[in-house]
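To keep things clear, I will list the structure first and then write my remarks on it.
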């Protein structure tokens, strides 16, 4: 991991995590995160190939989350990135 990591202004967003106990409770968190991220990357015209490293944190593990980061990165079209699983 590098100390020089940065997130450029305007290149960040959040999933509507406040609704996990409501209407989004039936969704898989990694698939939902990928869905939101793909839409936000497209909206900002950011190519997923620009990423070179990723980090993923989960507060509630779900099925298949052991391979969370590689799976999420693959769903985003950034399967080339490194990072912890």
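In this note's numbering, the protein residues as written are 800 to 884. Ideal Cβ positions, reconstructed from N, Cα and C, are used throughout, including at glycine.
Asked, Found
"Residue burial classification, residue 828 (beta-carbon count within 10 angstroms, cutoff 16)", "buried"
"CB-CB length for residue 814 against residue 832, believed under 8 angstroms", "6 angstroms"
"Residue 847 versus residue 863: straight-line alpha-carbon distance, rounded", "22 angstroms"
"Alpha-carbon spacing of residue 874 relative to residue 808, whole angstroms", "24 angstroms"
"Burial state of residue 867 (16 or more Cβ within 10 Å)", "buried"
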